[in-house]
Amino acid sequence: MFLDYDGTLAPIAPRPELAVMSDSMREAVRELSRRCPVAVVSGRDRTEVERLVGIDSLVYAGSHGFDISGHGFPLEAEAGGKFRSALESAALELEGRIGDVAGVLIEPKRYALAVHYRLVPQGELQRVEEAVRETARRHTELQLSEGKAVYEFRPRIEWHKGKAVLWLLRALGLDRPDVVPLYLGDDLTDEDAFEALGDRGIGIVVGDLRGRPTRAQYSLADCHEVERFLRELAAVSSVA
Ligand SMILES: [Mg+2]
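Here it is, written out as structure tokens:
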């Protein structure tokens, strides 16, 4: 079972540090992890998502899978280390250009750089976007992606949540015809995972798509439905 964090296990919040998972969701994930391997695949730093979820027995893939570790599993996949200096220089440049804009939150991560603009006033949005795009043009070793009220710079290499999921399946010895991987996620970056799993797995998109196309076969409305789904899945698998 592969789970995204923000918007899937925890409701989207105005600031990333406010996106907290409920105790009952934590219990549902813990219960499921007693029955099958569970990995959390997030855009956040791995150590941060580990702390937020707080269950030792899970596998954690942070920074969209650039940084993977599993408690109890001998996993270590750090693909993005050489891009750290490019990310640091882009962060400095953005601080200089838009650090003074109210509500903008420039968040350096281990293998990415996020620019949150959910709290930026409407009249300043264009200035933020221009600064972000100009910075992207000057740092060609980074690629720019967009999520929900966030721009994100990531190393320009062929690595994303989909690659991470396939890598994990192999690393865990689960790349087998008798294993059905499930992936739950809400955002554009999760589409890479839905696509990577294709027909061999089950993709479940969470939340309102607002008309965007998806590669997922199924959908759940929100985190409450995710929790119920995980609980029912754990209950079914304990019967089997
Ligand atoms: Mg998400």
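Residues in the sequence shown are numbered consecutively from 15, following the numbering used here.
Here a beta-carbon is modelled for each residue, glycine too, at the ideal position from N, C-alpha and C.
Assignment of residue 118 by DSSP, reduced to helix, strand and coil, places it in the coil class. For residue 43, the secondary structure class from DSSP, reduced to helix, strand or coil, is helix.
Beyond the five residues adjoining it in sequence on each side, residue 104 comes within less than 7 angstroms, by CB distance, of 127, 149, 153, 156 and 167 in the same chain, given in chain order.
If the five residues before and after residue 73 are omitted, its C-beta is found closer than 8 angstroms to the C-beta atoms of 51, 52, 53, 54, 82, 83, 84, 85, 87, 89, 182 and 186, all from its own chain and listed in chain order.
Not a single heavy atom of ligand 1 lies less than 7 angstroms from the C-beta of residue 228. Looking from the CA of residue 100, the closest CA among 24, 170, 26 and 211 belongs to 170.
Measuring C-alpha to C-alpha distances from residue 175 to each of 45, 58, 121 and 223 identifies 58 as the nearest.
The secondary-structure analysis by DSSP pairs residue 157 across a beta bridge with 168. In this structure, DSSP gives residue 183 a helical state, which the three-state scheme calls helix.
Assigned with DSSP and collapsed to three states, residue 192 falls in coil, not helix or strand. A distance criterion of 7 angstroms places the beta-carbon of residue 21 in contact range of ligand 1, judged by its closest non-hydrogen atom. With a threshold of 7 angstroms, the Cβ atom of residue 59 does not count as near ligand 1, since no heavy atom of the ligand is closer than that.
Between residue 220 and residue 234 a beta carbon distance of about 5 angstroms is seen, short of the 8 angstroms cut, so the two are scored as contacting.
Going by DSSP, residue 220 is part of the beta strand (DSSP E) stretching over 216 to 220.
Secondary structure of residue 24 (DSSP, three-state): strand. The three-state secondary structure of residue 235, taken from DSSP, is coil.
With fewer than 16 other Cβ atoms from the protein chains shown falling within 10 Å of its own Cβ, residue 212 counts as exposed.
The Cβ atoms of residue 228 and residue 243 do not sit closer than 8 angstroms to each other. The closest CA to that of residue 192, considering only 214, 159, 30 and 26, is found on 214. Per DSSP, reduced to three states, the secondary structure at residue 80 is coil, with no helix or strand assignment.
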